[in-house]
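A.B. asks: Just so we're aligned, residue 3 is where the sequence shown starts under this note's numbering, counting upward by one.
Positions of the beta carbon are idealized from the N, C-alpha and C atoms, including for glycine.
These numbers come from a predicted model, not from an experiment.
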Amino acid sequence: MKRTLLPLWLLLVSCRDAESLNIPSENLNLSIHKNGRQTAECLIQLGSGEYNQLKSWFSSNERTWNKAPATYLPQKILRSENFKAALYPNYIVINDVWRQPFDMELYQAFDCT
């Protein structure tokens, strides 16, 4: 019985992690930070150009995540109730755990001006 439970448990754990890396189907709050302080905040609407670009990026990069070994001072943060994406010019950290290189052009598209 232990041999059957272990693969099932591993499957459930991996599904939970993959689930947390999906972009939620809802508006996202974007906050911009400089030197650890918030300088601006705005809403990224579900279905907007920025939202759709991010959704497409997530779809293309769903399998190459690594655990982030440390915490980082964010420059841009996208949030919803159960989702947090900390954006940096060269990488993204999801829910304070998963890190991956990020597209500079997409990073620059997220702004509150």
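Output the distance between the C-alpha atoms of Phe61 and Tyr90, rounded to the nearest integer angstrom.
C.D. replies: Checking the displayed sequence, the identity of residue 61 turns out to be Ser instead of Phe. Whole-angstrom Cα-Cα distance: 19 Å.
A.B. asks: Could you check how far apart the C-beta atoms of Gln102 and His35 are, in whole angstroms? I think they sit under 8 Å.
C.D. replies: With 8 Å as the limit, Gln102 and His35 do not qualify as a contact, their Cβ atoms being about 20 Å apart.
A.B. asks: What beta strand (DSSP E) runs, 3 residues minimum, are completely inside the stretch 45-113?
C.D. replies: Listed in chain order, the complete beta strand (DSSP E) runs (minimum 3 residues) inside the stretch 45-113 are 78-82, 85-89, 93-96 and 100-103.
A.B. asks: Have a look at the DSSP bridge pairing and note the partners of Ile34.
C.D. replies: Ala42 and Lys78, per the DSSP bridge assignment.
A.B. asks: By how many angstroms is the C-alpha of Gly51 removed from the C-alpha of Thr115?
C.D. replies: Approximately 15 Å, taken between the alpha carbons.
A.B. asks: Got a sec? Which residues, its chain only, sit under 6 Å from Phe85 by beta carbon, not counting five neighbours each side?
C.D. replies: Once the five neighbours on either side are set aside, the close Cβ partners of Phe85 are Pro26.
A.B. asks: Using C-beta distances below 8 Å, list every residue in its chain close to Gly38, excluding the 5 sequence neighbours before and after it, in chain order.
C.D. replies: Once the five neighbours on either side are set aside, the close Cβ partners of Gly38 are Leu75.
A.B. asks: Which residues in the same chain have their Cβ closer than 8 Å to the Cβ of Leu108, if we skip the five residues on either side of it in sequence?
C.D. replies: Gln55, Leu56 and Trp59, listed in sequence order.
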